């Protein structure tokens, strides 16, 4: 699993039949900054993922890629490479809060 921030959405009116009705979002993977472990550093790439949990813009999420993505509930027969598997409440690294829980 990986951490990422939801930075956008994808709309596709023509797609594989199995993908109809699926929400697609753009994710920016997050890395722990070695110089400042109490802060995320955005990765250089982006990923399009299926969102079955209803993540919102700006939220931090857990996602899986590759064959692991198809192990998520309802994804076994879909042509997907990335799926959101959790919406993150908090992240601590080396006893420092990186991402705070929302109040």
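Numbering (my numbering), first residue to last: 24 to 126.
Just so it is clear, CB atoms sit at the ideal spot from N, CA and C, and this is done for glycine as well.
Note that the structure is a prediction, hence the values are computed from the model and not measured.
In its chain, beyond the 5 residues on either side, 28, 51, 52, 53 and 54 have a beta carbon closer than 8 Å to the beta carbon of residue 65. Under the criterion of beta carbons closer than 8 Å, residue 30 and residue 72 do not qualify as touching, at roughly 11 Å. Taken through DSSP and simplified to helix, strand or coil, residue 93 comes out as helix. Residue environment analysis places residue 74 among the buried positions, since at least 16 neighbouring C-beta atoms fall within 10 angstroms of its C-beta. Secondary structure of residue 113 (DSSP, three-state): coil. No Cβ-Cβ contact shorter than 8 Å links residue 47 with residue 111. A distance below 8 Å between beta-carbons, with the five flanking residues on each side excluded, links residue 79 to the following residues of its chain, in chain order: 29.
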